[in-house]
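**Student:** Below you'll find the structure I mean.
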Amino acid sequence: MANRFRLADVLQVTTVDLRDGTLKLVDRSWQTSSPTPDIDYVDLPYGAQSKFSHFERHLDACSLHGFDTVANLIAGANAIEDALEGARLFHDDPLNPTSWWLEANADTESVRRSLLYGGVLNYVTGVGISPLLECEQMLARLSMYRHPLWETISFTSISDSGLSTIGGMWTINNVLGVPPARMGVVEVEKGTAGSLYRVWMGIRDEYISLTNFNPLWECEDGTNESGDCADVGGDATASNNTKVVCDFSVTEAHVIRMSITVADIDAVNDIDFVGRYLILCRCKVTAGTVALQLKSGYSDTAAFAPNEIIYITNTDWRLIELGEVLMPPEGYWASYAPRLDNFELQIFAERVVGAGNLELDCLILIPSRHYVDVVGTDIVTGNHETRIFTHENEEMAALNFSGSNPDTSPELSDRDWYLPVGTSALIIAAERETIQVLGDTVTVRMSYVPRWYSYRDA
Amino acid sequence: MSEYSLRLFSSLLGDGAFITDLSKTALGWRRSIRLQGGYWQGMFTVLGKIDKLQQFFYEYLGYHVQEKVGGLVTWEGMVYEIDLEVNGVKRRRSLDLTSNHISATYINHLNDAVSTTTTAMDDQSIARYGRKEELLILDGFPLQAIEARRDTALAELAWPWSRAVGIRAPRIPVLNVSVCGYAFTMNWRYTTQDTELDTEQGNLTYGATDFQDDAQDFTDWETAAPGDAEYIIGVVNDDDTYTWAYLGDSHAPGNPDIVDTYTDQGLTVAGWNGAGVGGKTPLTYAVYGKISLWLNDIITNDCEFVTVGRLATHVIPVGNSIYPARTLSMPTRSWDLMLELAEMGNIAGDPWRLYVDTGRIAIYEQTNLTPRYYLRKGALYDTVGDKMAMSPWKIKPAVVRDLRYPVRRSEAGSPLLTDIRDIWIDEVEVSTARGLVLKTGLYSPLEQLIDVQEWQKRSYYAHEATLME
Chain A
-3 MANRFRLADV LQVTTVDLRD GTLKLVDRSW QTSSPTPDID YVDLPYGAQS
47 KFSHFERHLD ACSLHGFDTV ANLIAGANAI EDALEGARLF HDDPLNPTSW
97 WLEANADTES VRRSLLYGGV LNYVTGVGIS PLLECEQMLA RLSMYRHPLW
147 ETISFTSISD SGLSTIGGMW TINNVLGVPP ARMGVVEVEK GTAGSLYRVW
197 MGIRDEYISL TNFNPLWECE DGTNESGDCA DVGGDATASN NTKVVCDFSV
247 TEAHVIRMSI TVADIDAVND IDFVGRYLIL CRCKVTAGTV ALQLKSGYSD
297 TAAFAPNEII YITNTDWRLI ELGEVLMPPE GYWASYAPRL DNFELQIFAE
347 RVVGAGNLEL DCLILIPSRH YVDVVGTDIV TGNHETRIFT HENEEMAALN
397 FSGSNPDTSP ELSDRDWYLP VGTSALIIAA ERETIQVLGD TVTVRMSYVP
447 RWYSYRDA
Chain B
2 MSEYSLRLFS SLLGDGAFIT DLSKTALGWR RSIRLQGGYW QGMFTVLGKI
52 DKLQQFFYEY LGYHVQEKVG GLVTWEGMVY EIDLEVNGVK RRRSLDLTSN
102 HISATYINHL NDAVSTTTTA MDDQSIARYG RKEELLILDG FPLQAIEARR
152 DTALAELAWP WSRAVGIRAP RIPVLNVSVC GYAFTMNWRY TTQDTELDTE
202 QGNLTYGATD FQDDAQDFTD WETAAPGDAE YIIGVVNDDD TYTWAYLGDS
252 HAPGNPDIVD TYTDQGLTVA GWNGAGVGGK TPLTYAVYGK ISLWLNDIIT
302 NDCEFVTVGR LATHVIPVGN SIYPARTLSM PTRSWDLMLE LAEMGNIAGD
352 PWRLYVDTGR IAIYEQTNLT PRYYLRKGAL YDTVGDKMAM SPWKIKPAVV
402 RDLRYPVRRS EAGSPLLTDI RDIWIDEVEV STARGLVLKT GLYSPLEQLI
452 DVQEWQKRSY YAHEATLME
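Chains as they are written, first to last, in the numbering used here: chain A, -3 to 454; chain B, 2 to 470.
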């Protein structure tokens, strides 16, 4: 493909060719670079620790020259200024849908584009050149503020169906690019009857491996700790037909009830569980109020890291957010190969009000590094779905759709909702408004654009 | 992309529906959490077009704000006060300036008795914002004048009308929003005094292990023995001595006017404390309820937005064994009273705390003096060995152990914090501008001003350095 350098609207309907148009790019005058990272540093005596904050918006500049009739030179300049104004309006007015882009590619490179925020056209004066165009020549310096990253023109669409709503896992492969990709839209649609009200989705980086990662931890695979907790089978509403029931007959106090280690789930491939997770617990009480608390750490640790105490009163199965954990808690370092088989999650519980039992079904590990949760969805089989948008200006929004019509606006909470390059796994959990039903499944469809710092390598 | 999500919902008195995501529009978001009180105050600024700012200004007062980090609610509160500055004129709408349920107390000169007028209220304002009470203290006027003053006050304060607060040189339109935790709403009402534990008394008789008042029914104040006594009885004898005991079972249904007494809170040793009963004649007595019971009644009766979460642990080797009298000599706002009760601690000298947690539930518990966080290299960690610092948005007031403090020993005497490295944090403030600020009881507004000036100075020099590059 021949090289390209132009301004274009989002649908490529209106374009301004800066390479072969009326105002042409002066040879080798385009100045650009890979994005500038904004990094916060903590200085130490013999070095520093850093934390990435964001990429700065980018300033590209180039020189344009035109040698034509005055009318054509004016038209050429106006076309550029129309594009800059279009970019300004897009960011200024939420009702203006037309974004503007700088498109470019080297010879044999596929086209890439970067979102424009605005720009300036400086009319340069020189010998035989003036803004009054007496000599039918124009020399201009175009400065463009653009998005720090380049992305593809078209979206890549993928999907998966039949995902369980208690930790359904979708492995996503071959995501191109350098920084994480932007997921233009993620749609969640239901595969079974009943309306889903809340959805959690997290995307886990591959780290060491995803092959044996299991986000669903059955509580009965752990250890009952307080003497008044026991595995109870034969409950078809519980995952694996089995749950842990705590009747508080030994003590009602806030003590450890259940523990579970990575080794209880997979003693061989423990390293596949490296990650940062929001822990959901599928649980209920038979009556009253029970206080739950999640703690985490290595099994022999004296002090486990506590999360906040959560009070539950639901008598139907619900997914309760217990807190976040980092596995391993000290991070993962190349200088040694940590093992996770001794990493342990503990559930503490206290009967606060009434005389009901606590029933624990399973724990679900939702990756929380790239994370989103949506409350107030209305996901029903057929034509009701929820779509989560990440627009080109990084603004996120969620909408419920009935057919092709937006229906309602659910609540959206997100953290770094981007798709890692290479291989990753999307983990999903969902529940209805007052109950989590085991048999509910969903289909997830995603359209994403890979991104690069500068040149595309694919 | 920010660590937190900030969302706006309609008033919890309505449907609490999701309105909009404020994460990117709320500039300079900062908020605090207090040990006593829980989610405390927050503020942010909104810039934009006047029509959008005015919509916020006129519609969103009293709305619910929620901060979430990684799926967990880390702060919530109510939009409490909004300042809108347009063309240099600053206008304010504030729930602080609102009272929609007003009465007045006065001295009735006919009989020198303290009387209270009937209440004037605005039902629509109450339905919209919640009941916010005001009690005018007036004297020296006839009743009609006092009632007129009451009505005038209601007319002035029933709604959070926009009030101009200042004029300055015009600049871009700006909206400053203050949000407050729901602990603030616990001070909207005066405590209802509907339970008099000082009783009408008939003939009083001591038993070795019980007490009789033949005009009384003790079934309301009994606790099954053994157990955790919820009431104590204090008796003044005719010789001015004082005898007291924990109340156990009444002798209902046969003799409800008799109640068993115990020397211990666990109701295992029958008898009396204090001056004893041998040779004593009871003159008068009062019954006192446990703090948690009183707190439960106040929250249930006088707190519209907060519900009872957990007011006492059921594990009671010690429990909270202070039993205050439930009589108030003057009208007292509910949070002020509850804070006073919580700060009493318990008989053993342990500190207790009362706070409003996520979901607007009230928690009353003994303050945990075990280090919750560990301070190392200027950041807080969950455990001693953790390498990943905690998000500042998840930090709550607790005891912090400073691992870099070079001295490791105990203080003399019997301090609450036995390790000299431990710091008791009363308030945690987090902001996008300054990050995490931990405040102890000695943190003063002056120090905060110095912090701000230091930050401004660093920002200025950093900016100057940028210009010179």
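Virtual Cβ for every residue (Gly too), placed ideally from N, Cα, C.
Nothing here was measured: the structure is a model prediction, and the numbers come from that model.
1. For residue 218/B, which residues from the same chain have a beta carbon less than 6 Å from its beta carbon, with the 5 sequence-adjacent residues on both sides left out?
2. Sort out for me which residues DSSP pairs residue 496/A with in a bridge.
3. Using the C-alpha atoms, what's the distance from residue 376/A back to residue 399/A?
4. So, does the region 34 to 53 of chain B touch the region 167 to 185 of chain B, judging by three or more C-beta pairs under 8 Å?
5. Tell whether a beta-carbon distance below 9 Å holds between residue 158/B and residue 98/B.
6. Take residue 102/A and list the residues in its own chain whose beta-carbon comes closer than 6 Å to its own, dropping the five residues that flank it on each side.
7. Is there at least one Cβ from chain B nearer than 9 Å to residue 330/A's Cβ?
8. So the alpha helix (DSSP H) residue 82/A belongs to, where does it begin and stop?
9. Just by C-beta distance, which residues in the region 262 to 275 of chain A are closer than 7 Å to chain B?
10. Keeping to the same chain, check which residues put their C-beta closer than 6 Å to that of residue 143/A; ignore five residues upstream and five downstream.
11. Determine, using beta carbons only, whether residue 32/B and residue 178/B come nearer to each other than 9 Å.
12. Do residue 367/A and residue 198/A count as a contact pair if the criterion is CB distance below 9 Å?
13. With DSSP collapsed to three states, give me the class of residue 397/A.
14. Just the Cα atoms here: how many angstroms apart are residue 57/B and residue 95/B?
15. Report the rounded CA-to-CA distance for residue 127/A versus residue 100/A, giving the unit in angstroms.
16. Give the DSSP-derived three-state secondary structure of residue 151/B in the structure shown.
17. Let's test the definition: count the other Cβ atoms within 10 Å of the Cβ of residue 131/A and tell me whether it reaches 16, buried, or not, exposed.
18. Can you pull the DSSP bridge partners for residue 98/A?
19. For residue 26/A, which three-state DSSP category applies?
20. Residues in the region 205 to 224 of chain A with C-beta within 9 Å of chain B's C-beta atoms, listed in sequence order?
21. Decide if residue 110/B is buried, meaning its Cβ has at least 16 other Cβ atoms within 10 Å, or exposed.
22. Pull up the DSSP beta-bridge partners for residue 358/B, would you.
23. Counting only the same chain and skipping the five closest in sequence on each side, list residues whose C-beta sits under 6 Å from that of residue 352/A.
24. Any Cβ of chain C within less than 9 Å of the Cβ of residue 335/A?
25. For residue 245/B, collect the residues of the same chain with a Cβ closer than 8 Å to its Cβ; drop the 5 residues on either side in sequence, then sort them by chain order.
26. Measuring straight from C-alpha to C-alpha, what distance separates residue 295/A and residue 252/A?
27. Which residue wins for smallest C-alpha separation from residue 480/A, given the options 98/A, 41/A, 23/A, 217/A?
28. Residues in its own chain within less than 7 Å of residue 427/B by CB, not counting five upstream and five downstream?
29. Less than 9 Å between the beta carbons of residue 211/A and residue 158/A, yes or no?
30. So what does DSSP say about residue 97/B, is it helix, strand or coil?
31. Can you tell me the Cα-Cα spacing of residue 392/A and residue 218/A, whole angstroms?
32. Is the region 204 to 219 of chain B close to the region 106 to 125 of chain B, with three or more CB pairs under 8 Å?
33. For residue 4/B, which residues in the same chain have their Cβ closer than 7 Å to its Cβ, ignoring the five residues on either side in sequence?
34. Within 10 Å of its beta-carbon, does residue 146/A have 16 or more other beta-carbons around it, so buried, or fewer, so exposed?
35. Between 15/A, 46/A, 421/A, which lies nearest to residue 269/A when the distance is taken from Cα to Cα?
36. Spell out whether any CB of chain A is found under 9 Å from the CB atom of residue 6/B.
**Tutor:** This is what the structure holds:
1. 257
2. With chain A running from -3 to 454 in the structure shown, residue 496/A is simply not present.
3. 11 Å
4. yes
5. yes
6. -1
7. no
8. 66 to 88
9. 274
10. 110, 111
11. no
12. yes
13. strand
14. 13 Å
15. 28 Å
16. helix
17. exposed
18. 3/A, 110/A
19. coil
20. none
21. exposed
22. 362/B
23. 281, 282, 283, 284
24. No chain C is part of this structure, whose protein chains are labelled A and B.
25. 233, 234, 235, 236, 273, 274, 275
26. 13 Å
27. Residue 480/A cannot be examined here, being either before or after the span of chain A that is shown, -3 to 454.
28. 35, 36, 398, 440, 441, 442
29. no
30. helix
31. 39 Å
32. no
33. 70, 392, 394
34. buried
35. 421/A
36. yes
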